[in-house]
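J.: The structure follows.
Protein chains in written order, with my numbering: chain A, 2 to 264; chain F, 553 to 806.
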């Protein structure tokens with residue numbers, strides 16, 4: 002446990018936006034799975050192949066010897082996912098009720114909640130980006146040259162679960178947070194907009210960037226998986242690095258540092 | 553540490569109970585549902601501000617790689633419709649009525665005699681799939697001009713032959729509406745041909761709407777009457793379309 006002085010590490014805007022985005026991503030993901038369930042396959046190109054196959058991922062169900070099996074197909078390889086994907090609690094549905102909002106099948110409700118939180122995310126992210134550019138917070142998230150030189154050592158320390166509690170983010174934190182804020186979330190927003198027929202008229206070039214509406218939908222889904230991966234590592238790091246100290250810093254801003262040589 | 557563990561266990565219990573905890577908040581008449589649904593006004597205003605009259609993307613012949621997937625009603629079974637379908641829709645008439653100076657009735661040959669527009673566009677279903685097809689028809693604006701809309705008209709309502717639902721109080725025929733901004737858009741057509749053949753019954757024969765900058769459910773099939781109106785409050789449950797009355801967005805640009 003760090004024994005050094007408390008430092009004020011997360012300013013108020015960072016703490017507020019952190020929790021707003023946490024709530025947004027929770028609802029966006031679970032309503033997103035609800036929307037996915039209405040057409041549970043992912044395709045590459047402008048359209049979804051019905052008379053030809055351009056699917057790279059599909060969840061389905063089929064009857065085998067009087068029993069309904071859940072089948073998940075990834076790049077042509079089939080897996081029996083009965084109980085989780087395809088068939089769960091005796092019901093034929095791609096993602097199970099436990100991970101969709103609402104729990105029952107309702108595309109209309111899923112869409113309404115999805116777009117509401119998409120707007121909250123877009124507006125708060127835009128405001129945060131402007132504020133952070135002005136108050137210098139952006140620079141705290143971009144790794145410096147010295148950071149990058151420390152990358153091998155930081156990787157080794159993380160792998161050995163030896164955490165340094167500094168007044169500023171370490172290089173892996175900077176890379177992780179910057180990837181989410183400057184890559185994953187903008188990619189989510191742009192691929193989401195590429196699925197909007199109205200927005201396609203506004204910015205048809207987006208379809209060229211992503212290789213068609215159905216590819217954009219696939220990238221939207223894969224980026225969601227990347228964000229889930231970030232969330233899992235994020236939570237693991239908090240638990241390993243000292244959950245009370247980490248929670249205090251994201252609630253009050255104050256963080257106990259190691260003191261001494263680790264700034 | 554103990555508090556933290558309790559918190560985590562609580563979270564896990566919440567996750568295991570499924571997402572039922574949010575279900576009551578999402579019922580159609582709840583205040584929370586209305587808050588969530590408020591995105592529609594923002595989405596519509598933003599898209600309208602950005603979109604102008606820019607067209608939906610159009611594609612080339614080589615992008616048509618499959619038939620147009622039919623959805624919703626695919627074979628209306630009303631006696632009058634069946635009889636028309638059996639006689640190549642020679643008895644079909646489109647009526648334009650409501651807030652117009654000169655209501656008109658048009659046969660299929662009247663419609664095909666008007667200047668046509670052909671476009672290869674991508675049809676996006678609200679479910680998530682897309683399909684590219686070639687559509688030929690008469691611009692809706694041309695047909696509305698024949699009937700001379702009154703200045704008070706704000707919406708075009710489409711009444712259809714297909715009973716999408718049967719319940720205790722009878723049949724519910726599909727209905728849909730668009731505002732006159734979309735109605736006058738050059739890509740908004742009443743299509744009677746698809747992929748170089750007469751529009752098939754499964755895709756809305758003899759006449760269906762194409763509103764290329766919105767989702768598939770806006771593009772009413774089996775249209776028999778276009779009614780110009782200044783309010784949608786008296787149509788169905790008041791939201792302006794069969795699906796809007798069932799929780800979907802009336803403005804379906806997203």
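Each residue gets a CB set at the ideal place from its N, CA and C atoms; glycine is no exception.
1. Less than 9 Å between the C-beta atoms of residue 214(A) and residue 4(A), yes or no?
2. Anything in chain F within Cβ reach of residue 207(A), meaning under 9 Å, just list it in chain order.
3. Answer with yes or no whether the minimum CB distance from residue 609(F) to chain A is below 9 Å.
4. Mind checking whether residue 707(F) and residue 788(F) have CB atoms under 9 Å apart?
5. Does chain F have any CB closer than 9 Å to the CB of residue 108(A)?
6. Determine the chain F residues that contact residue 218(A) at a beta-carbon separation under 7 Å, and present them in chain order.
7. Who does residue 92(A) pair with in a DSSP beta bridge?
8. Using a Cβ-Cβ cut-off of 7 Å (strictly less than) and excluding sequence neighbours within five positions of residue 145(A), which residues of its own chain qualify?
9. How would you call residue 116(A), buried or exposed, if buried means at least 16 neighbouring beta carbons within 10 angstroms?
10. What three-state label does DSSP hand residue 178(A) in the structure shown?
11. Mapping the DSSP letters down to three states, classify residue 21(A) as helix, strand or coil.
12. Taking buried to mean at least 16 other C-beta atoms within 10 Å of its own C-beta, is residue 806(F) buried or exposed?
13. Just curious, the alpha helix (DSSP H) that residue 233(A) is in, first and last residue?
14. How should residue 10(A) be labelled, buried or exposed, when 16 other C-beta atoms within 10 angstroms of its C-beta is the threshold for buried?
15. Could you tell me which chain B residues have their CB closer than 8 Å to the CB of residue 47(A), listed as they occur along the chain?
16. Does the beta carbon of residue 50(A) sit closer than 9 Å to a beta carbon anywhere in chain F?
17. Identify each residue in the region 229-260 of chain A for which the Cβ-Cβ distance to at least one residue of chain F is less than 9 Å, and report them in chain order.
18. Quick one: Cα of residue 220(A) to Cα of residue 209(A), how far?
19. Using the C-alpha atoms, what's the distance from residue 613(F) back to residue 508(F)?
20. I'd like to know whether the C-beta atoms of residue 211(A) and residue 217(A) end up nearer to each other than 9 Å.
21. Since I believe residue 42(A) is in contact with residue 62(A) (beta carbons under 8 Å), could you give me their beta-carbon distance rounded to a whole number of angstroms?
22. I want to verify the contact list: residues of chain F whose CB lies under 8 Å from the CB of residue 74(A), in sequence order.
23. Could you check how far apart the C-beta atoms of residue 50(A) and residue 620(F) are, in whole angstroms? I think they sit under 8 Å.
24. Is the number of C-beta pairs between the region 134-152 of chain A and the region 63-74 of chain A that are closer than 8 Å three or more?
25. How would you list, in chain order, the residues of chain A whose beta-carbon sits under 7 Å from the beta-carbon of residue 805(F)?
26. In its own chain, which residues sit with a C-beta less than 8 Å from the C-beta of residue 170(A), not counting the 5 before and 5 after it?
T.: Inspection of the coordinates gives the following:
1. no
2. None at all; the shortest Cβ gap to chain F is about 10 Å.
3. yes
4. For residue 707(F) and residue 788(F), no; Cβs fall outside 9 Å.
5. yes
6. The contacting residues are 680.
7. 89(A)
8. Annotation for residue 145(A): no residue places its beta carbon closer than 7 Å to its own, counting only its chain and skipping 5 residues before and after.
9. buried
10. Helix at residue 178(A).
11. helix
12. Burial check for residue 806(F): the Cβ neighbour count within 10 Å reaches 16 or more, so the residue is buried.
13. 214-242
14. buried
15. No chain B is part of this structure, whose protein chains are labelled A and F.
16. yes
17. 240, 244, 245 and 248
18. 14 Å
19. Only positions 553 to 806 of chain F appear in this structure, which leaves residue 508(F) out of reach.
20. Taking 9 Å as the Cβ cut-off, residue 211(A) and residue 217(A) qualify as a contacting pair.
21. With 8 Å as the limit, residue 62(A) and residue 42(A) do not qualify as a contact, their Cβ atoms being about 13 Å apart.
22. What residue 74(A) touches in chain F: nothing, since even the nearest Cβ is about 16 Å away.
23. The pair is not a contact, with the Cβ atoms about 13 Å apart (cut-off 8 Å).
24. no
25. 197, 198 and 199
26. 141, 142 and 178
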